[in-house]
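Notes to accompany the following structure.
Residue numbers (our numbering): 5 to 935.
Next comes the structure, spelled out in structure tokens:
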């Protein structure tokens with residue numbers, strides 16, 4: 005084997021851009037002509053590649069990873085203009101996109117030897133003949149950044165801890181400076197003033213600031229508290245962060261001097277392309293906390309939705325009466341459904357269960373709930389319909405319990421593999437962006453040894469990846485760490501009773517203004533975001549309870565504590581700390597984000613569910629708002645620090661060496677209630693569980709076999725695979741005589757027989773096989789759900805339940821944190837309800853049934869009539885009606901409607917790829933030895 009060396013690539017700055025109607029081609033050509041002088045790299049000493057061995061790598065060449073579109077997330081102005089005009093790509097901006105996309109058609113013939121046709125070699129170091137560049141950042145002698153020829157991933161090797169972290173910050177800025185700058189402004193609610201006032205920017209800053217309306221003092225206090233509470237590790241973390249920030253700022257200075265900074269700074273008016281006037285602000289440690297608040301809110305904060313739960317419960321009780329209405333509500337809620345797929349197969353881990361006698365509930369009076377306004381004093385373009393629409397969407401996304409956390413994991417014990425070593429295929433499903441939110445790196449230094457992915461701007465440690473002889477990953481878990489309190493108002497609408505005293509709410513404001521730029525031509529505008537904070541959290545709604553005016557607030561256990569998790573990530577990167585599954589579980593216990601964590605080494609596998617789960621007062625039902633009174637507060641809650649008693653580690657779902665683990669944001673374990681709805685008999689987790697169970701039963705599992713199982717599930721239509729067979733049983737319970745319905749049934753059955761995949765006829769054809777059947781099901785599902793349930797539930801209750809859980813999440817639907825073309829699909833929908841109801845109508849056994857039968861009022865014949873009539877309606881819909889088109893796709897283009905787009909966050913654009921439902925960053929690992 006060739007010797008391996010750390011590596012670095014000449015920084016290539018690219019930027020994904022949301023620049024509609026960006027520039028006229030003529031002006032592009034003029035600008036390019038004046039900007040095509042050689043691109044000098046930012047000042048960093050170039051040195052011969054120093055040799056290093058990979059003796060600490062126990063993966064034996066069997067660790068792989070992938071993160072599209074590419075490592076390079078920065079682009080100079082010239083590179084952006086060339087991309088916009090001619091589609092050219094900066095080096096390493098999209099060289100991981102094609103391998104990632106090609107797995108969709110290449111997986112059936114996958115073997116262990118061809119895995120790296122679709123993934124990167126994730127071994128430590130770089131072969132000597134594959135070194136593209138070696139840099140000593142800022143001329144430092146204690147750190148080297150080596151980048152490889154194939155992907156340009158930075159391999160950072162330091163002889164001192166400070167130098168290593170300095171190099172990590174420098175490399176992060178080389179690859180993601182613009183993105184990091186964007187998200188530090190998002191976290192502070194200041195995006196529009198920085199990047200432009202496009203409605204999408206307005207919505208983005210509103211969504212995240214609503215959940216974390218922090219002041220600068222709040223951000224600094226998080227750092228101080230995290231350091232003070234973690235002893236020596238806290239001091240080390242602070243030192244690491246300071247060094248990391250220094251590395252970022254060194255790159256800012258170097259790129260400014262060399263004029264190779266990201267071109268978005270010019271296009272948004274922060275820098276002048278001719279004179280170089282203007283500044284790129286240095287980073288501060290508090291910027292990293294602002295970044296962490298965005299990531300934590302998006303992927304690691306389960307809970308919320310209590311007000312919506314109360315509204316649907318009241319609607320059920322209004323229709324059926326209190327007792328029966330509550331039974332109906334509970335059957336749809338599926339808190340602990342016995343048919344739900346589980347990650348931990350054995351044991352019980354009670355959390356947020358239904359109390360026998362609920363105490364302190366503060367349900368709103370019917371029709372009294374209003375959402376608390378966030379935006380005030382709109383001027384100019386902030387007052388347009390598009391702007392107010394973006395605000396409405398952002399508000400709904402911010403307060404829902406159906407958080408699009410995503411991600412999946414497949415882990416098999418060595419007892420069932422061909423080699424006898426455990427195998428894992430896992431990764432986070434974080435959406436698709438250009439540049440990507442995550443970035444790859446290898447970091448080797450005192451107390452640090454890992455390779456993998458980290459969120460840009462938080463890469464002082466690898467957050468998801470591999471160490472010397474172990475690998476780890478996470479999926480979003482979604483257990484409830486957010487509660488809603490009803491605070492009684494006094495004096496006026498901005499005072500509330502806090503432990504018997506009339507107390508003023510704290511007003512926190514962020515004033516933003518913008519003007520048109522080359523990047524964003526949105527007309528000038530401004531507004532003020534205003535949050536009202538109480539000891540029980542920010543105000544989200546107003547209502548009356550028993551005629552008494554209240555404000556509903558949301559209290560999150562990780563509020564003011566996003567910085568705390570740094571200690572857990574530090575531990576995961578420390579080879580002297582993690583030496584086995586118990587150490588791994590101990591490390592992730594220090595992470596307060598709501599994640600499922602998975603582990604594999606050459607001998608063991610393990611799982612742990614993280615998060616600060618508050619211990620609630622006896623009798624409090626976490627599903628609903630409760631009164632803001634001491635009797636219903638979290639046990640030993642301290643409002644000053646927002647700390648309380650948390651459930652012990654032993655109460656969190658956890659396991660070691662189970663036969664196999666799967667997770668696709670499904671239920672963790674028996675009796676462990678998650679905040680979001682939909683953990684029932686049909687869940688996308690079943691797509692993994694069914695496939696891995698078969699592999700384990702057969703034995704001899706290989707890396708290729710487990711990867712194929714993931715890739716096969718990634719193309720499956722959950723509705724078709726797990727619900728359509730029973731729908732067709734009902735339809736075919738009598739001969740189908742209507743020609744339209746019969747033709748539709750024939751097409752659907754043929755698709756089922758072929759495997760019910762949404763897959764191209766051939767690689768690159770941009771046309772699905774079974775296109776008619778897919779169109780029919782996409783059109784049929786929302787029609788059949790409404791026709792099946794709305795008559796029995798009534799319009800009000802049906803509408804309320806759809807607010808708790810969306811009916812559908814097909815690939816072509818606009819959903820999730822990235823909107824349409826986001827890849828992740830089938831996380832939330834009514835598939836379990838349809839499955840249970842249809843099986844009940846068929847007379848089949850149903851564990852945990854709905855409270856009554858709905859399809860056709862429970863009559864098989866009437867249910868069949870409902871299904872056939874809606875099927876005929878669906879079959880009659882044209883492709884243009886089912887797929888109406890958008891800025892990317894013409895009406896009727898089914899493949900394009902499903903396709904994945906790297907959502908631009910800067911100046912570089914990429915082509916769309918065929919749909920897959922799989923992690924954005926993904927590892928395939930099988931360690932061959934252990935220290």
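For each residue, glycine too, the CB sits at the ideal point set by N, CA and C. Keep in mind that this is a model prediction, so the values were computed, not measured.
Contact between residue 761 and residue 719 holds, since their C-beta atoms are separated by about 4 Å, short of 8 Å. By the Cβ neighbour-count rule, residue 364 is buried, with 16 or more other Cβ atoms within 10 Å of its own. By the neighbour-count criterion, in which a residue is buried when 16 or more other Cβ atoms sit within 10 angstroms of its Cβ, residue 894 is exposed.
The criterion of a C-beta distance shorter than 7 Å is not satisfied by residue 194 and residue 391. The C-alpha of residue 461 lies about 51 Å from the C-alpha of residue 732.
Approximately 10 Å separates the beta-carbon atoms of residue 149 and residue 157; this is outside 8 Å, ruling out the contact. By the C-beta criterion, the region 89–100 is judged not to be in contact with the region 880–897, since fewer than 3 inter-stretch pairs fall below 8 Å.
Closest option to residue 809, judged by alpha-carbon separation, among 680, 649 and 101: 680. At the C-beta level, residue 78 and residue 266 come within 7 Å of one another. Between the region 57–71 and the region 924–933 there are three or more inter-stretch CB-CB distances shorter than 8 Å, so the stretches are counted as touching. Distance between residue 751 and residue 126, taken at the CA atoms: about 43 Å. When DSSP reads this structure, residue 676 sits in a beta bridge with 355. Annotated three-state conformation of residue 349 is coil, per DSSP. Taken in chain order, the whole alpha helix (DSSP H) runs of length 4 or more contained in the region 212–259 are 220–233. Bridge pairing for residue 542: 537 [DSSP]. By the Cβ neighbour-count rule, residue 278 is exposed, with fewer than 16 other Cβ atoms within 10 Å of its own. Shown here for residue 563: same chain residues with a beta carbon closer than 8 Å to its own, the five before and five after excluded, namely 216, 541 and 646 in chain order.
Residue pairing for residue 90: DSSP places it in no beta bridge.
Across the set 533, 589, 784 and 573, the C-alpha of 533 shows the shortest separation from the C-alpha of residue 219. Sixteen is the threshold: since fewer than 16 other Cβ atoms of the shown chains lie within 10 Å of the Cβ of residue 286, the residue is exposed. Between the beta-carbon of residue 909 and that of residue 183 there is about 6 Å, and that keeps the pair under the 8 Å contact cut. In the same chain as residue 653, and ignoring 5 residues on each side of it, the C-beta atoms closer than 6 Å to its own belong to 593, in chain order. Counting along the chain, the unbroken alpha helix (DSSP H) around residue 570 starts and ends at 570–576. The beta carbon of residue 180 sits closer than 8 Å to the beta carbons of 77, 78, 439, 443, 460 and 461 from its chain, once the five residues preceding and following it are set aside; these are given in chain order. The closest CA to that of residue 393, considering only 202, 496 and 611, is found on 202. If you draw a 10 Å sphere on the C-beta of residue 511, you find fewer than 16 other C-beta atoms in it, and that means exposed.
Residue 609 is classed as buried because its beta carbon has at least 16 other beta carbons within 10 Å across all chains shown.
Annotated as distal: residue 685 and residue 857, with beta-carbon spacing of 7 Å or more. Proximity of the region 730–749 to the region 873–885 meets the contact definition, three or more beta-carbon pairs being nearer than 8 Å.
It is roughly 17 Å from the alpha-carbon of residue 60 to the alpha-carbon of residue 132.
A distance of 7 Å or more separates the beta carbons of residue 255 and residue 380.
Restricted to the region 862–897, the alpha helix (DSSP H) segments that are unbroken, complete and at least 4 residues in length are 864–879 and 883–886, listed in chain order.
Residue pairing from DSSP leaves residue 121 without any beta-bridge partner. Look at the beta carbons and you see the region 844–858 not touching the region 696–708: under three pairs across the two are nearer than 8 Å.
Residue burial is scored here from C-beta neighbours: residue 283 has fewer than 16 other C-beta atoms within 10 angstroms and is therefore classed as exposed. The straight-line gap separating the alpha-carbon atoms of residue 494 and residue 383 is approximately 32 Å.
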